Amino acid sequence: MDALLKIYEVGPRDGLQNEAAVLTAVQKGRLIDGLVEAGMRHVEVTSFVHPEAVPQLADADEVMAGAVARHGGEGIELVGLVFNERGYDRAVAGGCRSMAFGAAVSETFSLRNTHNTPRQALDMAREDVLHFVVYSLDGFLDGLRAQVAFLRDQSLQVHWESYVHEIFSTQPNTDARSRQRRLALAMPQSPVTPEEATELNTKLAKLYAQAGERTPARDLNDLSKLGLVVKVGARKYRSNASIMEAFIPPVAWEPGADGQKSHPTPSDQQSLF
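863 is the number of the first residue of the sequence shown in the numbering used here; add one for each residue after it.
Here you go:
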């Protein structure tokens, strides 16, 4: 026998929908909070059904969103009961990431309770599960893309800093060159004037406060000759760190030209059912 015992609390949904009194979203939130504080790890929060069918749960969207906001990061399974695609969409919009799908064996009971036959209920659950799997994969890929993009940016920065130090290793070791190296490493991708460049960080501000008025422009011109900054217009400069991108692989699964995510075509996908 499995040693794991899972307690699945349905009070906020099944319990309240059978009560004549209608609780407010705040009161339901307190009930859910109390269950979590008591140690419940699996709570069926609400059911995403039509308000006219179950008036007691008319505020399902608000109740689920509140529960997710308060307990979503605590490892609590906050479940929403859904019976159709509309309910599924509402659950996802409310932040629900665990869903229950109901199907009765009795056709009479199923029609009376959900307005679906058992077969229709199972077919709907199958479609909703497929939607949820695709939705979850999209979320996973979004996170993966973000991590890859972050690591790529970090790699670009490391390569750029190494490149700057390598360029200056062949230059005379003077205070002016040391100042220029700091400036090259601090320069942003967006164009700045010589005056703005001196305020990029406190160390540069101190160094240029001790230098002449024309020193920032001269330093930027010298960096331009070294290929470390690019002159934009008459008096603006930007970092040339983008040249490092030629040595770093691009991020996979970039958005397409229309801004949409690139996915395999339906013919490339295998059916899950």
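The C-beta atom is built at its ideal place from N, Cα and C for all residues, glycine as well. Source: prediction; values computed, not measured.
What is the rounded straight-line gap between the Cα of residue i and the Cα of residue j?
i     : j     : result
Q1046 : M902  : What sits at residue 1046 in the sequence shown is Ala, not Gln. Near 56 Å, if we compare the C-alpha coordinates of M902 and A1046.
D1004 : R1014 : 15 Å
R1097 : E947  : 58 Å
P980  : V944  : 14 Å
F971  : N978  : 9 Å
H1027 : Q1019 : 12 Å
H1021 : V954  : 41 Å
L1006 : G873  : 37 Å
G1121 : A1059 : At G1121 the pLDDT is 46, less than 50, meaning the model places this residue with poor confidence; the figure from the coordinates comes in the next sentence. One C-alpha to the other measures close to 34 Å.
E871  : A882  : 20 Å
M863  : L984  : Residue placement at M863 cannot be trusted, given a pLDDT of 48 that sits under 50; what the coordinates show is reported in the next sentence. C-alpha separation (whole angstroms): 29 Å.
W1115 : L1090 : Interpretation of W1115 is limited by its pLDDT of 49, a score under 50 that renders its predicted location unreliable; the figure taken from the coordinates is listed afterwards. In a straight line, the C-alpha of W1115 is about 30 Å away from that of L1090.
E914  : A1011 : 47 Å
L867  : A900  : 16 Å
E890  : L973  : According to the sequence as given, residue 890 is Lys; it is not Glu. Roughly 29 Å between the two C-alpha positions.
Apart from the five residues on each side of it in sequence, which residues of its chain come closer than 6 Å, Cβ to Cβ, to residue i?
i     : result
Q918  : L878, Q879, V884
I1029 : L1088
Check whether the Cβ atoms of residue i and residue j lie closer than 9 Å to each other.
i     : j     : result
V905  : A922  : no
R875  : V898  : no
V916  : G957  : no
V924  : A887  : Per the sequence presented here, residue 924 reads as Glu, with Val not at that position. Yes, these two residues count as a Cβ contact at 9 Å.
K1093 : S1101 : no
G934  : S909  : no
V941  : A962  : yes
Going by CA-CA distance only, name the one from the options that's closest to residue i.
i     : options                    : result
K804  : L1082, P1053, R1044, A1079 : Outside the displayed range of the chain (863 to 1135) lies residue 804, so it cannot be described from this structure.
A1038 : A1073, Y1025, L999         : A1073
G937  : L893, Q1009, R959          : R959
E1023 : F971, P1050, T1060         : P1050
D895  : L1006, A920, P913, R932    : R932
M1106 : S1017, V1010, L1082, A1059 : S1017
A1079 : A1071, L1090, P1056, V1091 : P1056
G1095 : A962, T1077, N1083         : N1083
S1104 : E989, G891, Y1025          : Y1025
Which residues bound the beta strand (DSSP E) around residue i?
i     : result
H904  : 904-909
V1100 : Reading off the sequence shown, one finds Arg at residue 1100, where the question assumed Val. That run of the beta strand (DSSP E) goes 1098-1101.
G942  : 939-944
V1094 : 1091-1094
By Cβ distance, which residues of its chain are closer than 8 Å to residue i, with the 5 residues on each side in sequence left out?
i     : result
I1154 : The structure shown does not extend to residue 1154, since the chain is modelled only from 863 through 1135, so no value can be given for it.
A927  : G956, G957
Give me, in chain order, the residues of the same chain whose beta-carbon lies closer than 7 Å to that of residue i; leave out the 5 immediate sequence neighbours on both sides.
i     : result
N1063 : A1048
Q1131 : Note that Q1131 scores a pLDDT of 39, beneath 50, so its modelled location is shaky and nothing firm can be said.
R1041 : L1069, D1081
What span of residues does the alpha helix (DSSP H) with residue i cover, start to end?
i     : result
M1049 : Where M1049 is concerned, there is no enclosing alpha helix (DSSP H), given that its DSSP letter is neither H nor E.
S1086 : 1077-1087
K890  : 887-899
With hydrogens ignored, establish whether the beta-carbon of residue i is closer than 8 Å to any heavy atom of the ligand FMN.
i     : result
Q1033 : The ligand FMN is not part of this structure, which contains no ligands at all.
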